[in-house]
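Trainee: Numbering (our numbering), first residue to last: 42 to 239.
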C-alpha cells in the first residue's frame, strides 16, 4: 500500500515538474525573440531632453493721430525640448541572421517653456510715442507664444542635436539586437534604412 502511494506521489511530482519546465521554456522563448514592441520601448528610452535658455522679442507699432508709437517687449526664458524618433515609423524585418531596421529621422517630440522662469525680472519693456500705452498681459502672452515658437524652431534647425538623438536610438537598438543574439546564439547583423519625416 505504501509503495503504491509513494509511486503515485512520485508520478504526480514528475508531471508537475515537466509542466513547470514547459511553461518556463515558453516564457523564456518569448523573451529571447526580437520584438518590435520592445524596440519601440527602446526608442522611447533614447529620447533626449534638452534645456534651452533664450530671449524672445515682441514688437508692435501703430500710428495714433500723427504720432508713431511703438511697444517692445523682451522676455528671457528657459524651457525643455524633447527630441527623439517617432516609434510609429519604426519597422523591423528579420531574414536569417540579418535584421533590417527602418528608422525615421529624429524630430522634436515636444517643447515647453518653463513658466517658473518667467518671473517679472524676465520681462523688459520699452514704449515710445505718445499714446503707446503700457505693455500689458496680452503683450506678455504674445511674447510667451513667441518664446515657445522660437524654442521649437531652434531645436528643429539644430541638425547636430537631431542627429545625436537618432544615433542614440540606433545604438540602443543595435545593443538590444546583439543582446538577443547572444542569448539565442545567433550572430545578428543590423542593417539600417532611414525614412524622412513627413
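Positions of the beta carbon are idealized from the N, C-alpha and C atoms, including for glycine.
Check this for me: beta carbons of residue 96 and residue 150, under 8 angstroms apart or not?
Mentor: Taking the first residue of the chain shown as 1, we reach residue 96 at position 55. Taking the first residue of the chain shown as 1, we reach residue 150 at position 109. Between residue 96 and residue 150, the C-beta spacing is not below 8 angstroms.
Trainee: Just curious, the alpha helix (DSSP H) that residue 136 is in, first and last residue?
Mentor: As a working mapping, residue 136 is identified with position 95 in the chain shown. Not the alpha helix (DSSP H): residue 136 falls in the beta strand (DSSP E), residues 132–136.
Trainee: Return yes when the Cβ of residue 120 is within less than 8 angstroms of the Cβ of residue 154, no when it is not.
Mentor: Reading the chain shown from its first residue, position 113 is the one you call residue 154. Reading the chain shown from its first residue, position 79 is the one you call residue 120. Yes. Within cutoff.
Trainee: By DSSP, does residue 235 sit in helix, in strand, or in coil?
Mentor: Here residue 235 refers to the residue found at position 194 of the chain shown. In the structure shown, residue 235 sits in a strand (DSSP, three-state: E or B).
Trainee: Mark residue 93 as exposed unless 16 or more other C-beta atoms lie within 10 angstroms of its C-beta, in which case mark it buried.
Mentor: Here residue 93 corresponds to residue number 52 of the chain shown, with the count starting at 1. So residue 93 ends up on the buried side.
Trainee: In the DSSP assignment, find the alpha helix (DSSP H) that holds residue 221 and state where it starts and stops.
Mentor: Position 180 of the chain shown, counted from the first residue, corresponds to residue 221. In the DSSP assignment, residue 221 falls within the unbroken alpha helix (DSSP H) covering 200–225.
Trainee: Could you tell me which residues DSSP pairs with residue 125 in its beta bridges?
Mentor: In the chain shown, residue 125 corresponds to position 84, counting from 1. Paired residue(s): 148.
Trainee: Are the segment 123–137 and the segment 183–193 touching, with three or more C-beta to C-beta distances below 8 angstroms?
Mentor: no
Trainee: Starting from the C-beta of residue 8, find all residues in its chain whose C-beta is less than 8 angstroms away, skip the five residues before and the five after it, and write them out in chain order.
Mentor: Outside the displayed range of the chain (42 to 239) lies residue 8, so it cannot be described from this structure.
Trainee: Say whether chain C places a C-beta atom closer than 8 angstroms to the C-beta of residue 147.
Mentor: Any reference to chain C falls outside this structure, which holds one protein chain only.
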